[in-house]
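Since the structure comes first, as structure tokens, the remarks are kept for the end.
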Amino acid sequence: AQRVTQPEKLLSVFKGAPVELKCNYSYSGSPELFWYVQYSRQRLQLLLRHISRESIKGFTADLNKGETSFHLKKPFAQEEDSAMYYCALFNAGNMLTFGGGTRLMVKP
Amino acid sequence: NAGVMQNPRHLVRRRGQEARLRCSPMKGHSHVYWYRQLPEEGLKFMVYLQKENIIDESGMPKERFSAEFPKEGPSILRIQQVVRGDSAAYFCASSTGAGMNTEAFFGQGTRLTVV
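Which chain is which? The protein sequence lines are A and B, in order.
Just so it is clear: in the first sequence, position 58 is 136 by the numbering used here, and no numbers are missing.
Just so it is clear: in the second sequence, position 54 is 256 by the numbering used here, and no numbers are missing.
As structure tokens, this is what we get:
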């Protein structure tokens with residue numbers, strides 16, 4: 079069975095500080111991993127996926143198969159980054175599993 | 203393409219009534235996922251459906267909850283005899299199920315309040 083773990087429910091940082099939101103997964107196959115963001119009372123939006131290896135809004139995430147991690151990073155947090163962040167895994171059977179989410183609060 | 207549409211956006215039900223939540227996936231999407239989000243909590247998987255089939259319902263309570271995705275029309279999440287603990291936001295997502303590079307798109311959710 080696949081599992082996605084986000085160990086921190088809440089992460090609070092000051093504006094301009096680096097941010098790392100942790101995500102670990104367990105899956106026996108080759109996973110497709112994503113980060114979704116949910117701004118206050120809005121729908122979830124795709125932030126980035128490991129396949130495209132792109133940077134969105136200054137965020138990056140690298141898949142580390144050895145550590146089974148897909149941590150989300152940003153060197154300098156902005157207040158508008160405050161949101162709920164979800165790590166997600168698509169398996170080969172198209173089953174989409176989310177982690178429990180991390181609420182990021184960026185203080186001025 | 204209007205995106206994933208959920209209705210109603212807000213639903214108020216008295217204890218014991220039935221709640222029916224609808225999700226119209228994006229055009230061309232045959233895979234639908236339902237999630238529940240309690241206040242200040244993360245997303246909890248409920249059920250995964252493809253057209254006319256339930257693929258995984260391991261996150262859905264066995265009692266009172268059911269889901270369907272008929273050949274024609276939206277996916278329906280049905281909650282019978284609602285209780286206060288059912289109050290939550292229910293999100294639907296859809297995808298093409300096309301394997302690599304597939305992506306799930308979310309609706310705006312239905313906020314169910316049981317009074």
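Every residue, glycine too, gets a C-beta built ideally from N, C-alpha and C.
Keep in mind the model is a prediction, meaning the values are calculated, not measured.
Chain-order list of chain B residues neighbouring A:Phe168: Thr304, by C-beta distance under 7 Å. Annotation: B:Glu259 to B:Tyr292 spans about 15 Å, alpha carbon to alpha carbon. Within 7 Å of the CB of A:Gly179, the CB atoms of chain B belong to Gly244, Leu245, in sequence order along the chain.
Around the beta carbon of B:Lys264, fewer than 16 other beta carbons lie within 10 angstroms, which makes this residue exposed. Straight across, the Cα-Cα distance linking A:Pro186 with A:Tyr114 is about 24 Å.
By alpha-carbon distance to B:Leu223, the top candidate from B:Asn209, B:His233, B:Tyr235, B:Gly244 is B:Asn209. Look at B:Arg238 here: in three-state DSSP terms it is strand. Counting C-beta atoms within 10 angstroms of its own C-beta, A:Arg127 has 16 or more neighbours from the protein chains shown and is therefore classed as buried. Between the alpha carbons of A:Thr138 and A:Leu99 lies a distance of about 11 Å.
Using beta-carbon distances, B:Gly287 does not count as an interface residue toward chain A, since no partner is under 8 Å. A:Ala155 places its beta carbon less than 8 Å from that of A:Ala95. Rounded to the nearest angstrom, the gap between the Cα atoms of A:Phe176 and A:Cys101 is 10 Å. Secondary structure at B:Arg266: coil, using DSSP grouped into helix, strand and coil. Linking A:Tyr103 to B:Ile281 through their CA atoms gives a straight-line distance of about 31 Å. B:Asp288 sits in a helix when the DSSP states are folded into three classes. The beta carbon of B:Tyr292 does not come within 8 Å of any beta carbon belonging to chain A, so the residue lies off that interface.
Across the structure, A:Phe92 and B:Glu254 are spaced so that their CA atoms are roughly 49 Å apart. Across the set B:Ala306, B:Ala290, B:Leu251, B:Val206, the C-alpha of B:Val206 shows the shortest separation from the C-alpha of B:Pro227. Contact of B:Ala221 with chain A is not assigned, every C-beta pair being separated by 8 Å or more. At least one beta carbon of chain A lies nearer than 8 Å to the beta carbon of B:Ala295. Beyond the five residues adjoining it in sequence on each side, B:Met262 comes within less than 7 Å, by CB distance, of Met248, Val249, Ala269 in the same chain, given in chain order. What B:Gly299 touches in chain A, judged by beta-carbon distance under 7 Å, is Asn172, going in chain order.
For A:Met173, DSSP records no beta bridge to any residue.
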